[in-house]
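Chain order of the listed sequences is H and C. Residue numbering for the first sequence follows the numbering used here, starting at 1 and increasing by one per position. Residue numbering for the second sequence follows the numbering used here, starting at 42 and increasing by one per position. Cβ atoms here follow ideal geometry from the backbone N, Cα and C, with glycine treated the same way. What follows is one structure encoded as structure tokens, with my remarks underneath.
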Amino acid sequence: MIVDKNLLEMAKVYRMPTDRVIKYIYIPEIISFIKNKFSKK
Amino acid sequence: MIIEVKEVSKSYGGKKVLDNFSLNIESEHAYVVTGKPGCGMTTLVRIILGLENPDSGNVGLLGDYKYPYIVSGTVFQDDRMVQSLNAIDNCFMVSSKLFRETVTEELLKLLPEDALLKPVKDLTKGQRRMVAIARACCIPNDVLIMDEPFDGLTEDERNTAIKFIRDKQGSGPLFITARDIHGLEFARIIEL
Numbered sequence: 001m002i003v004d005k006n007l008l009e010m011a012k013v014y015r016m017p018t019d020r021v022i023k024y025i026y027i028p029e030i031i032s033f034i035k036n037k038f039s040k041k
Numbered sequence: 042m043i044i045e046v047k048e049v050s051k052s053y054g055g056k057k058v059l060d061n062f063s064l065n066i067e068s069e070h071a072y073v074v075t076g077k078p079g080c081g082m083t084t085l086v087r088i089i090l091g092l093e094n095p096d097s098g099n100v101g102l103l104g105d106y107k108y109p110y111i112v113s114g115t116v117f118q119d120d121r122m123v124q125s126l127n128a129i130d131n132c133f134m135v136s137s138k139l140f141r142e143t144v145t146e147e148l149l150k151l152l153p154e155d156a157l158l159k160p161v162k163d164l165t166k167g168q169r170r171m172v173a174i175a176r177a178c179c180i181p182n183d184v185l186i187m188d189e190p191f192d193g194l195t196e197d198e199r200n201t202a203i204k205f206i207r208d209k210q211g212s213g214p215l216f217i218t219a220r221d222i223h224g225l226e227f228a229r230i231i232e233l
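Right, dumping it as structure tokens:
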């Protein structure tokens with residue numbers, strides 16, 4: 001899984017709205033994942 | 042509002058980490074749970090937050106309470122931040138009731154200005170801890186629950202953080218786990 005489950009657990013505890021989970025957790029984590037993948041090649 | 046922890050027990054792999062633990066966490070009161078590493082402090086926090094179920098016993102809300110759940114300003118044992126985002130965004134993102142200006146003002150009480158706009162991965166461990174503490178205290182909360190919030194802080198940072206948390210506690214309860222309890226004598230100390 002790309003997104004850290006601990007971050008998703010934090011979002012659950014804070015009752016973060018879904019749109020914010022996507023914008024601030026999923027998108028930055030996916031961008032970091034892609035950057036790391038390309039920088040390793 | 043009272044969070045009632047009633048006769049909670051929990052075991053992992055045959056080892057009992059919590060044995061019949063009870064505590065009423067009441068508004069306007071502060072509690073510090075202390076003990077040796079592995080004595081069940083984090084497990085207790087996770088059970089109170091509803092992230093784990095106890096083997097026996099339960100956690101409930103007592104008193105006149107209009108919502109089925111509580112909102113907890115939480116500091117986890119690990120920082121749990123989006124590493125590529127800065128301190129302001131890491132705090133601002135958790136609630137739609139927050140303004141960037143308010144978050145910035147609160148963070149400045151704990152961190153120098155130049156630390157606020159860097160990705161949190163470039164901050165020191167102590168600075169990240171400060172961001173986690175600010176995030177917990179910024180959101181409109183019913184209770185503050187903090188698992189080893191002062192871990193990795195210098196003495197000065199620790200004193201600043203304790204003062205900040207006490208200022209922000211408001212009328213809700215404050216629940217902290219800490220192996221080192223100096224400076225926390227204002228709270229009820231519970232040994233696990």
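request  = Whole angstroms is fine: what's the gap from Phe205 of chain C's alpha carbon to Asn36 of chain H's?
outcome  = 37 Å
inquiry  = Cutting at 8 Å between CB atoms, please list the residues of its own chain near Cys80 of chain C, excluding the five before and the five after it.
reply    = Val58 and Leu233
inquiry  = Using C-beta distances below 7 Å, list every residue in its chain close to Ile230 of chain C, excluding the 5 sequence neighbours before and after it, in chain order.
reply    = Val73, Thr75 and Ile222
ask   = How far does the alpha helix (DSSP H) with Met10 of chain H in it reach, from first residue to last?
value = Lys5 to Val13
query = Pro160 of chain C bridges to which residues according to DSSP?
reply = C:Asn127
task = Using 10 angstroms around the beta-carbon of Asp130 of chain C, count the other beta-carbons present and answer buried if the total reaches 16, otherwise exposed.
result = buried
ask   = Do you know how far the Cα of Glu93 of chain C is from the Cα of Glu67 of chain C?
value = 22 Å
ask   = Quick one: which chain C residues come within Cβ less than 7 Å of Ile44 of chain H?
value = Since the first and last residues shown for chain H are 1 and 41, residue 44 of chain H lies out of range.
key: Glu147 of chain C - containing alpha helix (DSSP H), residue span   = Arg141 to Leu149
request  = Give the DSSP bridge partners of Phe216 of chain C, in chain order.
outcome  = C:Tyr72 and C:Ile186
query = Should Phe140 of chain C go down as buried or exposed, given a rule of 16 or more other Cβ atoms within 10 Å for buried?
reply = exposed
ask   = If you drop the 5 nearest sequence neighbours on each side, which residues of the same chain put their C-beta closer than 7 Å to that of Ser52 of chain C?
value = Val58 and Asp96
message = Can you check which of these residues, C:Lys47, C:Ala173, C:Leu164 and C:Lys162, is closest to Glu147 of chain C by C-alpha distance?
response = C:Ala173
query = By Cβ distance below 6 Å, which residues in the same chain neighbour Gln118 of chain C in space, the five residues on each side in sequence not counted?
reply = Thr83, Asp188 and Glu189
ask   = Asn99 of chain C by DSSP, collapsed to three states: which one?
value = strand
key: Beta-carbon proximity list for Thr145 of chain C, same chain, < 8 Å, skipping 5 on both sides   = Ile129 and Leu157
key: Buried or exposed by the 16-neighbour rule on C-beta atoms within 10 Å, applied to Lys162 of chain C   = exposed
query = Just the Cα atoms here: how many angstroms apart are Ile89 of chain C and Val100 of chain C?
reply = 6 Å
ask   = Which whole-angstrom value describes the C-beta separation of Ile180 of chain C and Val112 of chain C, a residue pair presumed to lie in contact below a C-beta threshold of 8 Å?
value = 7 Å
query = What residues from chain H crowd round Val116 of chain C, counting only those whose CB sits closer than 8 Å?
reply = Result: empty, since nearest Cβ-Cβ is about 10 Å, beyond 8 Å.
inquiry  = So that I know if they touch, is there some Cβ in chain C lying closer than 9 Å to that of Ile34 of chain H?
reply    = no
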